[in-house]
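*Asks:*
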Amino acid sequence: CGLPKTTSNWGVYAETGIWPVKFKLFYKKIMLIHNLINGKDRLAKRILQTQIDRGYSDWWYTETKAMADEIDLNLKVKDVSKSEFKKRSKICITSYIEKETERLTKEKTKLRLITRFGEKEYLTRYPQEDAQTLIRVKLNMFKTRNNYGDKGVCRLCKMEQESTEHLGECNQVYAEKVTQLEIKSEK
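Read in order, the letters of the sequence shown are residues 16 to 202 in my numbering.
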């Protein structure tokens, strides 16, 4: 999508609402567990039940259960409908990703303009070129001095430190202006 290689993956996830691959794979694993536990008696079900009963630390089920515990998802799925388990799983995964996004936005400078996890309206509302510009601004991948380690003053007004936020308010920007409020907005 035209972003620099150094763009934060987590920032892209947060702006687009896309789950990281780790969570997509986890979702597939837990749905397989549900299918096996509630399905017909077959070899795969017996193998899974053995893993559950013995609880060895390096087995597939144990690793999946550890991640489920981390996101507060109960893997007791016997007699739970598939639709109910899907819904509960998606809520737990999304909630965990939202908390992780919130934590990372406080720790990482490049993510300081991220407000929440979820697909932003500007990605579908505006033409692709404009949406690319906006996501670059939101992820601080716009070429300002401050975003690339130079703490110099604005090249345009020569008054304040050049940052994403400043360029949104700089009086010398004659092109279509993106204000700081628009940069930080939920959409």
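Yeah, the Cβ is synthetic: ideal placement off N, Cα and C, and Gly gets one too. The structure displayed is predicted, hence computed values, not measured ones.
(1) Answer yes if the stretch 54-63 comes into contact with the stretch 25-35, meaning at least three C-beta pairs across the two stretches below 8 Å, and no otherwise.
(2) Can you tell me whether DSSP reads V36 as helix, strand or coil?
(3) Classify L196: buried if its beta carbon has 16 or more other beta carbons within 10 angstroms, exposed otherwise.
(4) Classify V27 as helix, strand or coil using the three-state DSSP reduction.
(5) Give every residue of the same chain whose Cβ lies closer than 7 Å to the Cβ of E134, excluding the five residues on either side of it in the sequence, and list them in chain order.
(6) Taking buried to mean at least 16 other C-beta atoms within 10 Å of its own C-beta, is K125 buried or exposed?
(7) For a quick check, are the C-beta atoms of Q147 and G17 less than 8 Å apart?
(8) Applying the 10 Å Cβ sphere with the 16-neighbour rule, what's the burial state of L40?
(9) Given a threshold of 16 other Cβ atoms within 10 Å of its Cβ, counted over all protein chains shown, does A190 qualify as buried or as exposed?
(10) Determine the direct distance from the alpha carbon of D94 to that of R127, and round the result to whole angstroms.
(11) Let me know if K202 comes out buried or exposed under the rule of 16 or more other beta-carbons within 10 Å of its beta-carbon.
(12) With DSSP collapsed to three states, give me the class of V152.
(13) Determine the extent of the alpha helix (DSSP H) in which W75 is found, giving its start and end residues.
(14) Is it buried or exposed, N236, if we count other Cβ atoms within 10 angstroms and call 16 or more buried?
(15) Kindly indicate which residue of I45, T21, K91, T159 has the alpha-carbon position closest to the one of K101.
(16) Relative to the alpha-carbon of H49, which residue among D68, W34, Y76 has its alpha-carbon at the smallest distance?
(17) Applying the 10 Å Cβ sphere with the 16-neighbour rule, what's the burial state of V152?
*Replies:* By the coordinates alone:
(1) no
(2) Counting from 1 along the sequence shown, the entry for residue 36 is found at position 21. V36: helix per DSSP, three-state reduction.
(3) As a first step, residue 196 is located in the sequence shown; it is residue number 181 there, counting from the start. At L196 the pLDDT is 48, less than 50, meaning the model places this residue with poor confidence and gives no usable figure here.
(4) If you number the sequence shown from 1, residue 27 lands on position 12. Three-state DSSP puts V27 in a helix.
(5) Translated into positions along the sequence shown, residue 134 becomes position 119. Around E134: T31, G32.
(6) Locating residue 125 in the sequence shown gives position 110, counting from the first residue. When all chains shown are included, K125 counts as buried.
(7) Taking the sequence shown and counting its residues from 1, the one referred to as residue 147 is at position 132. Taking the sequence shown and counting its residues from 1, the one referred to as residue 17 is at position 2. Yes, these two residues count as a Cβ contact at 8 Å.
(8) As a working note, residue 40 is residue 25 in the sequence shown. By the 10 Å Cβ count, L40 comes out exposed.
(9) The count along the sequence shown starts at 1 and reaches residue 190 at position 175. Confidence at A190 is low in this model, with a pLDDT of 48, below 50, so the placement of that residue is unreliable and no value is reported for it.
(10) Indexing the sequence shown from 1 puts residue 127 at position 112. Indexing the sequence shown from 1 puts residue 94 at position 79. Cα-Cα distance, rounded: 44 Å.
(11) As a working mapping, residue 202 is identified with position 187 in the sequence shown. The predicted model places K202 with a pLDDT of 42, which falls under 50 and marks its position as unreliable; any figure quoted below should be read in that light. By the 10 Å Cβ count, K202 comes out exposed.
(12) Taking the sequence shown and counting its residues from 1, one reaches residue 152 at position 137. Reduced to three states, the DSSP call for V152 is helix.
(13) For this step, residue 75 is matched to residue 60 along the sequence shown. It spans 75-85 - the alpha helix (DSSP H) in which W75 sits, taken as one unbroken run.
(14) Because the chain in this structure spans residues 16 to 202, residue 236 falls outside the shown range and cannot be described.
(15) Looking up residue 101 in the sequence shown gives position 86. When each option's Cα is compared against that of K101, the closest is I45.
(16) As a first step, residue 49 is located in the sequence shown; it is residue number 34 there, counting from the start. Checking every option, the nearest Cα to that of H49 belongs to Y76.
(17) Sequence index remark: in the sequence shown, residue 152 carries index 137 (1-based). Buried: at least 16 other Cβ atoms inside 10 Å.
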